[in-house]
Structures are given as structure tokens and as C-alpha cells.
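**Student:** Got a structure for you, written out below as C-alpha cells; questions coming shortly.
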Amino acid sequence: MSTADSPERGPPALAGAPPRILVIQAPYYRDIVDGMRRAAEQIFAELHATVEVAEVAGAFELPAALRMALSYDGGVDRKLWDGYLILGCVVKGDTDHYDHICREACRGVMDIAVETGAPIGFGLLTVHTIRQAEERAAPGRMNKGAEAAHAVLGQIALARRWGLA
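Here it is, written out as C-alpha cells:
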């Protein structure tokens with residue numbers, strides 16, 4: 087389903103304390119990733135969420151950073167974050183590097199999500215042109231950062247509902 091087909095989303099509903107979100111981003115295409123993050127932060131602000139940002143070199147490093155974040159306890163015996171938002175952009179070039187990076191980054195995040203049940207919003211754009219990326223990072227309803235923010239908040243809501251958070 088594309089964003090154009092998705093239902094219009096109102097303000098998110100989330101029981102309990104304001105969520106703590108870790109945004110893990112690969113800012114290789116800085117303007118694109120910043121556009122998605124700004125849209126996500128607007129959604130999070132509606133819930134007074136605390137947002138922390140961690141940057142990695144590129145899309146390939148996103149799964150490892152997510153795994154490290156899930157293992158990090160900050161020196162205390164509690165989770166630091168309620169959910170994780172993954173942001174990045176990979177634009178197809180002339181070689182098959184794109185295929186390998188996209189496949190492994192997506193599979194890595196999915197493996198962690200399935201293994202841990204962690205609330206994750208996935209906002210890694212895998213596009214053929216920079217124009218496609220710009221369309222998906224522009225302000226408005228089609229922004230994939232906002233869509234991923236709604237996804238992670240929905241996962242946090244489920245975890246809380248089922249007593250997992």
C-alpha cells in the first residue's frame with residue numbers, strides 16, 4: 087500500500103506516560119532525512135514525547151545501531167526508550183550496491199523486530215531517483231517520516247495494551 091492509499095490519520099492516541107523515542111538515522115541524504123525527521127517530530131510533539139537522535143554513517147549501519155540501542159541500559163535497570171524510529175534514504179545508482187544495501191538493511195531491522203518485539207517505525211526510503219525521495223520527505227500527508235512515526239506509536243500502544251511495556 088502506498089501512502090496515497092493509506093487512511094487519513096488524526097492525532098495519535100497513546101495511553102500512559104509520554105513516550106521516549108530514539109530516532110536512529112543515516113543522514114547520507116541530509117535534506118531528505120531531515121524532512122522525514124521533522125514530520126515525525128511533529129507527530130511526537132502532539133504526545134509530548136521525548137526524542138533523542140543518533141546518527142550512523144549509512145543505511146547499512148542502521149540494524150547494528152538498533153541492536154546496540156536495544157542492548158544499552160544507560161547504567162540503570164530499565165529501558166531508556168519506548169520505541170525506535172529508523173530513518174534513511176538509499177537512491178539507486180548504476181551498480182548493484184543499492185540492491186545489497188537495501189536488502190540487508192531492511193532484513194536486519196526486520197530480524198530485530200521479530201526477534202525482540204521492539205516497537206519500531208521503519209522510515210528507510212529505497213528509491214530510484216532523488217525526486218522520489220524528495221516527494222516522500224516533503225511536508226504533508228505523503229511524508230514517510232510521519233507515516234513511520236504513526237507506526238512506532240501504534241506499536242508502543244500495542245505493547246502497553248498487552249503489558250509488554
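To get this note's numbering, take the position in the sequence shown, counting from 1, and add 86. We treat Cβ as the ideally placed atom computed from N, Cα and C, and that holds for glycine. Please read these numbers as outputs of a predicted model, since none were measured by experiment.
Is it buried or exposed for methionine 122, if we count other Cβ within 10 angstroms and need 16 for buried?
**Tutor:** Methionine 122 should be labelled buried.
**Student:** Just verifying my parser: in three-state terms, what is the DSSP assignment at glycine 194?
**Tutor:** Three-state DSSP puts glycine 194 in a helix.
**Student:** Just to confirm, is the Cβ distance from arginine 246 to isoleucine 198 under 8 Å?
**Tutor:** It is not a contact, given that the beta carbons lie outside the stated cut-off.
**Student:** To the nearest angstrom, report how far apart arginine 116 and valine 200 are at their CA atoms.
**Tutor:** The alpha-carbon atoms of arginine 116 and valine 200 are separated by roughly 29 Å.
**Student:** Sorry if obvious, but does the Cβ on aspartate 120 come closer than 7 Å to a heavy atom of the ligand GDP?
**Tutor:** Ligands are entirely absent from the displayed structure, and the ligand GDP is therefore not among its contents.
**Student:** Under the three-state reduction of DSSP, which class applies to valine 109: helix, strand or coil?
**Tutor:** Valine 109 falls in the strand class under three-state DSSP.
**Student:** Within 10 angstroms of the Cβ of isoleucine 187, are there 16 or more other Cβ atoms? Answer buried if so, exposed if not.
**Tutor:** Buried is the call here.
**Student:** In the DSSP assignment, find the beta strand (DSSP E) that holds valine 252 and state where it starts and stops.
**Tutor:** The requested residue 252 is not part of the displayed model; the chain covers only 87 to 251.
**Student:** Rounding to the nearest angstrom, what Cα-Cα distance links histidine 183 and leucine 148 in this structure?
**Tutor:** Rounded to whole angstroms, histidine 183 to leucine 148 spans 16 Å at the Cα level.
**Student:** Using beta-carbon positions only, say whether alanine 251 and glycine 207 come within less than 8 Å of one another.
**Tutor:** No, Cβ-Cβ distance for alanine 251 and glycine 207 is not below 8 Å.
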